[in-house]
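S.K.: Let me give you the structure first, and then I'll get to my questions.
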Amino acid sequence: MDIQKITEVSPHLVDLENIDDCPGPYCMSFGFDLKSLVRSIKSIGLINYPLVIESRNAMLTVITGYRRILALKSLGREKIPCRIISKSQLSPLECLLLNLHDNLATRKLNEVEKGMVLSRLTRWTPKTKILEKYMQLLGLPSHDPTLHFYIRLEEEMEKEIKEYLVQGRLSLQSAKMLLDMEQDARHQIFNLISNLKFNINQQKQLIDYLNDLIHINNKSTSQLLKEGPLQAIFSGGQLNNPQKVKAVLHFLRTKRFPSVVSAERTFRKRISRLDLPEGSRIAAPPFFEAPNYRLEVIFKDGKELKEKIEHLSAERRLEDLGDPWKDPA
Amino acid sequence: MTRCKINKVLVEEGAYGHALTDRIISRLPGIPFQPLKNDEPGTGKETLHLLSYKGEFLKSCPGTREYICCGYQILNVGTNCPLDCSYCILQSYFNQPNLRVFVNLEEEIERVLEIIDGQPERIFRVGTGEFTDSLAIDPITGFSDMLIPIFSRRKNAVLELKTKTGQIERVLNSKSRDRIIVSWSLNSPYIAAHEEHRAASLKKRLEAAGQCQSEGFILGFHFDPLIPHPHWEDEYLKTLELMDKYVDPKGIIWISLGSFRFMPELKPIIRKRHPQTCVLNGEFIVGLDGKMRYFKPIRIDLYAFMRENLEKWHPNLGLYLCMESDDVWQNSLGWSPKNTLGLRRYLDNRVVEIFK
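First to last, the protein sequences are chains A and B. So that you can map any letter, position 172 of the first sequence is 460 in our numbering, and since no number is skipped, the others follow by simple counting. So that you can map any letter, position 18 of the second sequence is 252 in our numbering, and since no number is skipped, the others follow by simple counting.
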């Protein structure tokens with residue numbers, strides 16, 4: 289059948305119970321909200337008829353219109369008009385492409401849906417063609433590791449994590465990091481993220497620290513998370529979730545970067561001992577990597593500035609200030 | 235294992251007709267070769283990919299202005315390497331892991347020489363070991379046969395062949411010695427055994443170095459990347475003991491020290507390709523150039539320890555730091571070239587001193 293003539297197929301009334309309501313091999317919808325579609329159909333009826341194809345056991349498989357069918361089912365409809373294609377009229381790849389183009393024309397696919405498309409395409413299309421043509425269609429770089437990641441996202445990632453991702457509560461980078469972990473570790477870390485509601489930046493830090501510590505200490509995630517100080521934070525009734533998140537990250541950072549944290553602590557301690565004029569601040573460069581420290585003085589006029597400079601130059605302990613890993617001069 | 239195993243040769247269209255292509259194929263009897271197609275599957279470290287390179291063959295080392303760079307020139311003879319070091323930055327540089335050899339080098343070397351000969355007052359320190367190992371596939375490419383005599387004749391250039399292998403046969407067969415530096419990347423025995431997969435053992439590397447030295451070659455060494463690991467001081471001392479056993483320090487032009495640094499994108503690649511590695515265990519911070527590097531006092535400790543013990547061996551080894559800041563130089567080596575120009579002068583002077 290000429291795929292261009294698909295719109296010429298006349299609709300027939302079909303029993304909804306005869307349509308398979310699993311997404312099937314051609315549909316690529318994930319993490320959607322039916323409410324607005326239900327409202328629309330309720331108000332003005334079904335405008336575009338779903339396209340279905342005959343499959344085994346006299347059931348029909350959805351090619352396009354999967355969400356519309358779910359919406360109609362939720363409205364309690366029993367029969368709906370559909371355009372029906374026989375199995376011999378379209379190849380599986382053509383069905384898949386019909387759905388893909390139908391979706392691409394009307395909305396932006398989320399990351400999981402992109403994974404669904406790519407995973408399904410691999411069954412019928414050579415990898416080079418997917419890389420050259422379809423990655424670009426999906427707005428992705430034609431890059432083998434990217435393709436591999438999206439396929440794994442669809443095929444290996446747990447549904448609850450996918451949902452968190454498409455809701456924008458988990459970054460794609462964190463999803464990648466989680467996907468590279470053992471399933472058990474992934475579960476535990478995800479539970480921690482979702483229970484304490486780590487934000488996007490905090491998630492990345494958490495996964496990074498835990499992943500490193502698992503390797504460095506040769507411990508499992510559950511062994512790490514069972515450590516006394518972390519358990520105390522988790523069960524700390526006086527802390528709210530944001531405070532718990534901060535405390536967890538601080539504990540893990542101290543464990544992962546003992547020298548850095550110790551240097552920061554020493555620096556803060558040395559600064560706190562100084563008698564600095566009000567409105568003055570001494571800051572270290574990030575990670576003490578750049579050679580220079582910074583002094584900030586807030587003043588309202590030259591007279592006040594002069595006073596503050598005199599105050600500063602009278603502070604003898606300033607001479608001891610330097611890299612915190614060195615003994616004071 | 236140091237012998238490079240090739241099981242397939244892919245030839246890009248532009249690579250046919252070059253004499254080097256024919257010679258490489260003739261050196262691999264029984265190995266299938268085929269034209270490269272776009273969807274060529276199964277490429278990897280055992281696939282030799284011959285191509286005519288369209289870019290510049292001589293490039294400055296991609297140093298960053300935030301740290302002091304040695305001003306090295308890279309002669310780009312190919313990319314990737316049959317060795318599989320867990321820390322290798324090439325893992326994130328290039329998409330394809332196959333061994334790419336630029337078969338038009340023989341035709342293009344003239345342009346490189348024009349650049350060198352056109353600036354007789356400048357010293358060109360040139361190396362082939364930045365994007366590949368200089369000698370790992372030399373038995374197949376024979377690059378040393380061509381490059382050694384060419385560079386040996388020049389008074390304002392040196393050629394450094396840097397390797398982790400013991401593949402020195404072709405180098406030793408050369409009649410030229412002047413202006414050629416054969417260098418080895420060294421590490422602790424632990425890192426060499428656990429992280430430098432497919433590279434020669436330290437003993438074999440240093441035996442090869444000793445052999446080159448006894449045959450009249452000047453040597454260089456590169457402790458890069460230095461990696462703190464359990465008992466690293468004792469481990470690096472073992473390497474220094476081996477150096478003392480096989481090499482005369484008076485014939486060394488320079489020894490560089492660099493600590494492990496990497497673009498953040500490399501981390502997941504290393505984790506995936508080398509799950510047992512220890513190279514990611516250190517305390518890394520984001521450096522001024524955006525690369526991950528060890529927290530400064532850790533780097534200073536590494537360099538200061540190496541300096542102290544290398545200088546006990548010999549006081550004039552041409553020690554220098556690779557991509558470090560002025561204060562790290564001062565605090566670890568006790569002096570600083572201040573900037574890239576200063577380090578260039580220092581190394582150029584080493585060239586003048588050694589190749590009088």
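Just so you know, even glycine gets a beta-carbon here, dropped at the ideal spot from N, CA and C.
Which residues in chain B sit within 7 Å of I504/A, going by Cβ to Cβ distance?
M.R.: Translated into positions along the first sequence, residue 504/A becomes position 216. Those within 7 Å of I504/A in chain B are N515.
S.K.: Can you tell me whether Y321/B is buried or exposed? The criterion is at least 16 other CB atoms within 10 Å of its CB, across all chains shown.
M.R.: Translated into positions along the second sequence, residue 321/B becomes position 87. Buried.
S.K.: Can you have a look at T236/B and say buried or exposed, based on whether 16 or more other CB atoms are within 10 angstroms of its CB?
M.R.: For this step, residue 236/B is matched to residue 2 along the second sequence. Residue placement at T236/B is flagged as unreliable, the pLDDT there being 44, under the threshold of 50; a coordinate-derived value is accordingly withheld.
S.K.: List the whole-angstrom C-beta distance separating L567/B from R541/B, where the pair is believed to meet the contact cut-off of C-beta under 8 Å.
M.R.: Numbered from 1 along the second sequence, position 333 holds the residue referred to as residue 567/B. Numbered from 1 along the second sequence, position 307 holds the residue referred to as residue 541/B. Confirmed, about 5 Å.
S.K.: May I ask you to report which of helix, strand or coil DSSP gives L600/A?
M.R.: Locating residue 600/A in the first sequence gives position 312, counting from the first residue. Reduced to three states, the DSSP call for L600/A is helix.
S.K.: Would you report the Cα separation of Q307/B and K534/A, rounded to the nearest angstrom?
M.R.: As a working note, residue 307/B is residue 73 in the second sequence. As a working note, residue 534/A is residue 246 in the first sequence. Taking the straight line from one Cα to the other gives about 47 Å.
S.K.: L301/A: buried (16+ other C-beta within 10 angstroms of its C-beta) or exposed?
M.R.: For this step, residue 301/A is matched to residue 13 along the first sequence. Per the 10 Å Cβ criterion, exposed.
S.K.: Should the segment 246-256 of chain B be called in touch with the segment 331-338 of chain B, which here means at least 3 C-beta pairs below 8 Å?
M.R.: yes
S.K.: Comparing C-alpha positions only, which one of V549/A, N483/A, E444/A, L527/A sits nearest to I519/B?
M.R.: Sequence index remark: in the second sequence, residue 519/B carries index 285 (1-based). It is V549/A whose Cα lies nearest to the Cα of I519/B.
S.K.: Looking only at DSSP bridge pairs, what is V548/A linked to?
M.R.: To locate residue 548/A, count along the first sequence from 1; it is residue 260. Its beta-bridge partners do not exist; DSSP assigns none.
S.K.: Between which two residues does the beta strand (DSSP E) carrying H508/B extend?
M.R.: In the second sequence, counting from the first residue as 1, residue 508/B sits at position 274. From DSSP, H508/B is part of no beta strand (DSSP E); its letter is neither H nor E.
S.K.: Counting beta carbon pairs with one atom in the segment 261-271 of chain B and one in the segment 351-360 of chain B, are three or more of them shorter than 8 Å?
M.R.: no
S.K.: Using a C-beta to C-beta distance shorter than 8 Å, which residues of chain B count as neighbours of S278/A?
M.R.: The question about residue 278/A has no answer here: the residues shown for chain A are numbered 289 through 617.
S.K.: Going by Cα to Cα distance, which pick from Q353/B, A391/B, F365/B, D482/B is closest to P316/B?
M.R.: For this step, residue 316/B is matched to residue 82 along the second sequence. It is F365/B whose Cα lies nearest to the Cα of P316/B.
S.K.: Can you look up M477/B in the DSSP assignment and give me helix, strand or coil?
M.R.: Position 243 of the second sequence, counted from the first residue, corresponds to residue 477/B. The answer is helix: DSSP assigns M477/B an H, G or I state.
S.K.: Restricting to runs no shorter than 3 residues, where is the beta strand (DSSP E) found entirely within the segment 338-394 of chain B?
M.R.: 358-361
S.K.: Since W613/A meets chain B, which of its residues come closer than 7 Å, beta carbon to beta carbon?
M.R.: The residue you call residue 613/A lines up with position 325 of the first sequence. Those are P531, listed as they occur along chain B.
S.K.: Along the chain, which unbroken stretches of the alpha helix (DSSP H) at least 4 residues long are found entirely within the segment 470-519 of chain A?
M.R.: DSSP runs (the alpha helix (DSSP H)) wholly in the segment 470-519 of chain A: 471-484, 488-505, 509-513.
S.K.: Which residues in chain B sit within 8 Å of P579/A, going by Cβ to Cβ distance?
M.R.: By 1-based counting over the first sequence, the position of residue 579/A is 291. Here the neighbours are S559, D560, D561.
S.K.: Given L527/A, which residues of its chain have a CB within under 8 Å of its CB, disregarding the five upstream and five downstream residues?
M.R.: Stepping through the first sequence from its first residue, residue 527/A is reached at position 239. Here the set comprises I521, A535.
S.K.: Specify, as a first and last residue, the run of the beta strand (DSSP E) that K293/B falls within.
M.R.: Mapped onto the second sequence, residue 293/B falls at position 59. 292-294 is the span of the beta strand (DSSP E), which, as asked, contains K293/B.
S.K.: Does DSSP classify D308/A as helix, strand or coil?
M.R.: The residue given as residue 308/A occupies position 20 in the first sequence. In the structure shown, D308/A sits in coil (DSSP, three-state: anything other than H, G, I, E or B).
S.K.: Are the C-beta of D589/A and some C-beta of chain B separated by less than 8 Å?
M.R.: The residue labelled residue 589/A in the question sits at position 301 within the first sequence. No, its Cβ sits nowhere closer than 8 Å to a Cβ of chain B.
S.K.: Are at least three pairs of beta-carbons, each pair with one atom in the segment 488-500 of chain B and one in the segment 542-557 of chain B, less than 8 Å apart?
M.R.: yes
S.K.: Does A571/A come out as helix, strand or coil in the three-state DSSP assignment?
M.R.: Mapped onto the first sequence, residue 571/A falls at position 283. Looking at A571/A - three-state DSSP - the assignment turns out to be strand.
S.K.: Whole-angstrom Cβ separation of A370/B and C238/B, contact assumed at under 8 Å?
M.R.: Residue numbering aside, residue 370/B sits at position 136 when the second sequence is read from its first letter. Residue numbering aside, residue 238/B sits at position 4 when the second sequence is read from its first letter. Indeed, because the Cβ distance is near 6 Å, the residues count as touching under 8 Å.
S.K.: Quick one: grab the DSSP three-state call for M235/B.
M.R.: Locating residue 235/B in the second sequence gives position 1, where the first residue counts as 1. Residue placement at M235/B is flagged as unreliable, the pLDDT there being 41, under the threshold of 50; a coordinate-derived value is accordingly withheld.
S.K.: Under 7 Å from any heavy atom of the ligand NAP, does the C-beta of D303/A make it?
M.R.: In the structure shown, the ligand NAP is absent, as is every other ligand, since no ligand is present at all.
S.K.: At a Cβ threshold of 8 Å, is F576/A touching chain C?
M.R.: This model lacks chain C altogether; the protein chains it does include are A and B.
S.K.: Rounded to the nearest angstrom, how far is the Cβ of N580/A from that of P574/A, given a contact under 8 Å?
M.R.: Taking the first sequence and counting its residues from 1, the one referred to as residue 580/A is at position 292. Taking the first sequence and counting its residues from 1, the one referred to as residue 574/A is at position 286. About 12 Å separates the two Cβ atoms, so there is no contact after all.
S.K.: Is it buried or exposed for G610/A, if we count other Cβ within 10 angstroms and need 16 for buried?
M.R.: Here residue 610/A corresponds to residue number 322 of the first sequence, with the count starting at 1. Burial call: exposed.
S.K.: Please list, in chain order, all residues of the same chain as G456/A whose beta carbon is under 8 Å from its beta carbon, the five residues on each side excluded.
M.R.: Your numbering for residue 456/A matches position 168 in the first sequence. Contacts found: none.
S.K.: What are the residues in the segment 459-472 of chain A lying within 8 Å of chain B by C-beta distance?
M.R.: K464, M465, D468
S.K.: How many angstroms separate the CA atom of R630/A from the CA atom of I570/A?
M.R.: Any answer about residue 630/A is impossible in this case: the structure gives chain A only from 289 up to 617.
S.K.: Applying the 10 Å Cβ sphere with the 16-neighbour rule, what's the burial state of G264/B?
M.R.: As a first step, residue 264/B is located in the second sequence; it is residue number 30 there, counting from the start. Result: exposed.
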